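**Q** Below you will find the structure I want to go over with you.
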Amino acid sequence: MSQSMQGEELKGKVAVITGGGSGIGKATAELFAAQGAKVIIADVNADAGNEVAKSLGEAAHFVPADVSKAGDVEQLVDTAVERFGGLNIMFNNAGISGAQYPRFLDDDLADFDKVVGINLFGVMKGTHSAAKVMRENGGGVILNNASIAGILPGQALMSYRVTKAAVIHFTKCSAIDLAEYNIRVCGMAPGHIRTPLTAFTLPGMSEEQMVRIRDAMAPVWDSNQPLKRHGSPNDVAKSALFLCSDSAAQITGVILPIDGGITAGD
Ligand code: NAD
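For reference, each letter of the sequence shown is one residue, going 1 to 266 in full-length UniProt numbering.
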């Protein structure tokens, strides 16, 4: 993290970041810690999550958790309270793309359960568990990572799109419901960000092949957006920092696109 990103925007805050071992979650954990937060990093990938936590020293702690399992999410929130004395920020970030067949009729419906379990139930359960603690402690911020795929209809990635659209709706509904407890609920809709998630996921394809296709497609994605620059995990992390900080105290129920303008015309 560059020196210029050191600061005190989140001094005294405790944040849980799901999917904190990679991509957007990792960049956000680093930025939040650099801004004074104590960070609980949750991930199914213990090696990755541990590595990020270790790199942040005393400011961070790793908890193995699968967000599609209610017990894991409760444990996660309890650990934040036990370890760091509270919970001010819940970043429901963990997500998967599911297999990326170009057409709906090729999709495996068993894969749907998995995508819904992580992308939608994980966000709802994370909100439910975190809000109970925040209600007792006078408030907090819940941030959900949706996607432009939840705004723009399209042919492929059907289960991913519908879970992200549902996360957007859930964010607005829970913002209305939880406002009474001084809990803000916001969402982000990133565009194309080069992380492991955007490497194509198809059974039988090697990781190397998937990354090669993603890297070949990336310039096309970049040129399709008005700003014509590549969005990075740090771009999303900086928006997360704003939405979770007191600078956004009057903001709730919004979905912030971080997409170089892709959705501006729709
Ligand atoms: P990533 O693959 O780099 O990171 C996702 C992390 O989540 C991984 O560390 C993974 O192990 C973890 N994870 C997966 N399933 C989990 C589970 N059940 N419980 C806990 N952790 C789990 O992906 P990313 O691009 O950083 O994605 C983060 C979020 O951003 C996702 O919700 C994704 O849908 C969203 N998003 C990403 C993009 C993009 O272009 N990369 C665009 C829009 C939205």
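Don't be surprised by glycine CBs; every beta carbon is placed ideally from N, CA and C. As the structure is a prediction and not an experimental result, all values here were calculated from the model.
Whole angstroms is fine: what's the gap from residue 210's alpha carbon to residue 144's?
**A** In the sequence shown, residue 210 corresponds to position 210, counting from 1. In the sequence shown, residue 144 corresponds to position 144, counting from 1. So the two alpha carbons sit approximately 27 angstroms from each other.
**Q** If you draw a straight line from the alpha carbon of residue 12 to that of residue 89, how long is it in whole angstroms?
**A** Your numbering for residue 12 matches position 12 in the sequence shown. Your numbering for residue 89 matches position 89 in the sequence shown. Rounded to the nearest angstrom, the two C-alpha atoms are 11 angstroms apart.
**Q** Residue 193: beta carbon under 7 angstroms from a heavy atom of ligand 1?
**A** Counting from one through the sequence shown, the residue named residue 193 turns up at place 193. Flag set: Cβ of residue 193 near ligand 1.
**Q** Looking at residue 118 and residue 76, is the spacing between their C-beta atoms short of 8 angstroms?
**A** To locate residue 76, count along the sequence shown from 1; it is residue 76. To locate residue 118, count along the sequence shown from 1; it is residue 118. No Cβ-Cβ contact shorter than 8 angstroms links residue 76 with residue 118.
**Q** Put residue 184 into one of helix, strand or coil per three-state DSSP.
**A** Reading the sequence shown from its first residue, position 184 is the one you call residue 184. Correct three-state label for residue 184: strand.
**Q** For ligand 1, is there a heavy atom less than 7 angstroms away from the beta-carbon of residue 31?
**A** Taking the sequence shown and counting its residues from 1, the one referred to as residue 31 is at position 31. The answer is no for residue 31.
**Q** DSSP has residue 43 in a bridge; who is on the other side?
**A** As a first step, residue 43 must be located in the sequence shown, where it is residue number 43. Answer is 64.
**Q** Residues bridged to residue 141 by DSSP?
**A** The count along the sequence shown starts at 1 and reaches residue 141 at position 141. 89, 184.
**Q** Is the beta carbon of residue 223 within less than 7 angstroms of some heavy atom of ligand 1?
**A** Here residue 223 refers to the residue found at position 223 when the sequence shown is read from its first residue. No; taking the cut-off as 7 angstroms, the Cβ of residue 223 has no heavy atom of ligand 1 nearer than that.
**Q** What span of residues does the alpha helix (DSSP H) with residue 219 cover, start to end?
**A** Here the question's residue 219 lines up with position 219 in the sequence shown. Note, residue 219: alpha helix (DSSP H), 207–223.
**Q** By DSSP, does residue 95 sit in helix, in strand, or in coil?
**A** Position 95 of the sequence shown, counting from 1, holds the residue named residue 95. Residue 95 falls in the coil class under three-state DSSP.
**Q** Rounded to the nearest angstrom, what separates residue 6 and residue 85 at their Cα positions?
**A** Sequence index remark: in the sequence shown, residue 6 carries index 6 (1-based). Sequence index remark: in the sequence shown, residue 85 carries index 85 (1-based). The straight-line gap from Cα to Cα measures roughly 23 angstroms.
**Q** Rounding to the nearest angstrom, what Cα-Cα distance links residue 8 and residue 38 in this structure?
**A** Within the sequence shown, the letter at position 8 stands for residue 8. Within the sequence shown, the letter at position 38 stands for residue 38. Near 12 angstroms, if we compare the C-alpha coordinates of residue 38 and residue 8.
**Q** Put residue 189 into one of helix, strand or coil per three-state DSSP.
**A** One-based indexing of the sequence shown puts residue 189 at position 189. Correct three-state label for residue 189: strand.
**Q** Mind checking residue 235: buried by the 16 CB within 10 Å criterion, or exposed?
**A** Looking up residue 235 in the sequence shown gives position 235. So residue 235 counts as buried.
**Q** Just verifying my parser: in three-state terms, what is the DSSP assignment at residue 151?
**A** On the sequence shown, residue 151 is found 151 positions in, with the first residue counted as 1. Reduced to three states, the DSSP call for residue 151 is coil.
**Q** With respect to 7 angstroms, is the separation between the Cβ of residue 45 and the closest non-hydrogen atom of ligand 1 below this value?
**A** Your numbering for residue 45 matches position 45 in the sequence shown. At least one heavy atom of ligand 1 is nearer than 7 angstroms to the Cβ of residue 45, so yes.
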